[in-house]
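Student:
Residue numbers (the numbering used here): 1 to 226.
Set out below in C-alpha cells:
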C-alpha cells in the first residue's frame, strides 16, 4: 500500500492540516490585537508583489475553492476549482483585498471550518477508492506529456503519483489560451503550465488535454524552427 492510500497516513495529514489551520487562526487573532493590524496586513510578504493581505486573501479563497470542489464531486459533477479559470481566481483574491482586517480574518475562519467539514466527503468515499481512480489518470497524462517531448518539472513515480503535473515552455501562453477556449482548466504562471487531476476527472478528460497539446505543439514547433 502506498503512503497516499494508507488510512493512517491520511489521518496524519488531516490532523496536521487541522493543527496548521489553528496555528494560522491564533496568529491572525494576535494580529488583530496589534495597535495597527491594517499596517501589518499591508506590509510586503516574501512573495514578489504580494502583501501579507494578498497571502491571507489567497488562503481564504483557496480553501473556499476546495470546498466548492468537494461539493461538486459529492453531487457527481466535474467542477472547476475556480469557476471562470485563472481570471476568476485573481478577481476573487482582489475582491478580498478590499476587506478590513477583522473581516478578512473572519473569512479565513469560516473557510477553514468549511474545508475541514468537507473533508468528511473524502472519508466517506475512501482515499483508496479515489486514488484507485485518479492515479492511473495521472500516469496516463504524465506519459502522454513525456511522449510529446515535454519535460515534467517533477518526475512522476508510478508507485505514488501525485495529482499535479507541470512543465515549462516558451510558448506556454498560447497553450493556455487554447486550453481556455476548449474549457480545459489549468494554471498558467511564469511560463509554467500546471495540470491538476482530481477524482472526478476521466480518461476522456486526459485524452482531450493531450489532443489539445498535440495540436498546439504541431503549431508552435514549425514557428520555432523558422
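Note that CB positions come from ideal geometry on N, CA and C, so glycine has one too. Just so you know, these numbers come straight off a predicted model, no measurement behind them.
1. Run through the DSSP bridge pairs and tell me what residue 51 is partnered with.
2. Thinking C-alpha only, which one of 69, 87, 180 is nearest residue 201?
3. Near residue 38, which residues of its chain fall below 8 Å by C-beta distance, leaving aside the five closest residues on each side in sequence?
4. When DSSP labels each residue in this structure, what does residue 148 get in the three-state scheme?
5. What's the C-alpha gap between residue 228 and residue 198?
6. At the level of alpha carbons, what is the spacing between residue 90 and residue 64?
7. Just how far apart, CA to CA, sit residue 11 and residue 191?
8. Would you please state the rounded distance, in angstroms, between the beta carbons of residue 220 and residue 171? I believe it to be under 8 Å.
9. Just the Cα atoms here: how many angstroms apart are residue 217 and residue 182?
10. Measuring straight from C-alpha to C-alpha, what distance separates residue 22 and residue 147?
11. Throw me the rounded Cβ distance for the residue 272 and residue 96 pair, which I believe falls under 8 Å.
12. In angstroms with no decimal places, state the Cα-to-Cα distance between residue 174 and residue 26.
13. Check each candidate in 196, 117, 108, 130 and name the one with the smallest Cα separation from residue 141.
14. Thinking C-alpha only, which one of 210, 117, 28, 189 is nearest residue 104?
15. Quick check on residue 198: does DSSP put it in helix, strand or coil?
16. Give the range of the alpha helix (DSSP H) segment to which residue 86 is assigned.
17. Alpha carbons only, please: which of 120, 36, 185 is nearest the one belonging to residue 82?
18. Could you please give the first and the last residue of the uninterrupted alpha helix (DSSP H) stretch that includes residue 181?
Tutor: So, from the data block:
1. 44
2. 69
3. 100, 101
4. Residue 148 sits in coil when the DSSP states are folded into three classes, being neither helix nor strand.
5. With the chain running from 1 to 226 in the structure shown, residue 228 is simply not present.
6. 14 Å
7. 36 Å
8. 4 Å
9. 16 Å
10. Near 44 Å, if we compare the C-alpha coordinates of residue 147 and residue 22.
11. The question about residue 272 has no answer, for the chain in this structure spans 1 to 226.
12. 43 Å
13. 196
14. 28
15. coil
16. 85 to 97
17. 185
18. 172 to 181
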